[in-house]
Ligand code: TYD
């Protein structure tokens, strides 16, 4: 099932501190090719505002909180990310922006592809044209 969804991650609860994890093709539905993270976001800033032609992603709020706003071509949906034991799986061809970052928030993103600038769609009208054709 490759639809957008929140994926709950395992939680190993421990008096010494809790632990969560995900592994290739297990908790998440793809093989990880790249990991990056977004941090030190100034208050009020927005990241993203693009879609990927092929890339799939999984995003976890490792620290703090932020919102991921997804437009699938028909409607917009906002996901509140504020715990490190779940993440949002985003399939290809979804318009996404990330905003409402709290102070010291840390967004961890894993992707099924190496960085490729030609995979980006940065124009919303172009995204709608491709998505709805
Ligand atoms: P971008 O994906 O547009 O950031 P965001 O979606 O978070 O706003 O990337 C910003 C810049 O960083 C862009 O010039 C490309 C570069 N970049 C890399 O070099 N490698 C990467 O893995 C990523 C994600 C971005």
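Residue numbers (our numbering): 32 to 164.
Just so it is clear, CB atoms sit at the ideal spot from N, CA and C, and this is done for glycine as well.
Annotated as proximal: residue 130 and residue 98, with beta-carbon spacing under 7 Å. Shown here for residue 62: same chain residues with a beta carbon closer than 7 Å to its own, the five before and five after excluded, namely 55, 56, 143 in chain order. Taking a contact to require three or more Cβ pairs closer than 8 Å, the segment 41-50 and the segment 117-133 do not qualify as touching. Secondary structure note for residue 155: its alpha helix (DSSP H) is the uninterrupted segment 155-163. Every residue with a CB closer than 5 Å to a heavy atom of ligand 1 is listed here in chain order: 67, 78, 79, 146. Between the alpha carbons of residue 152 and residue 111 lies a gap of roughly 24 Å. Going by beta carbons, residue 39 and residue 120 fall outside the 7 Å limit.
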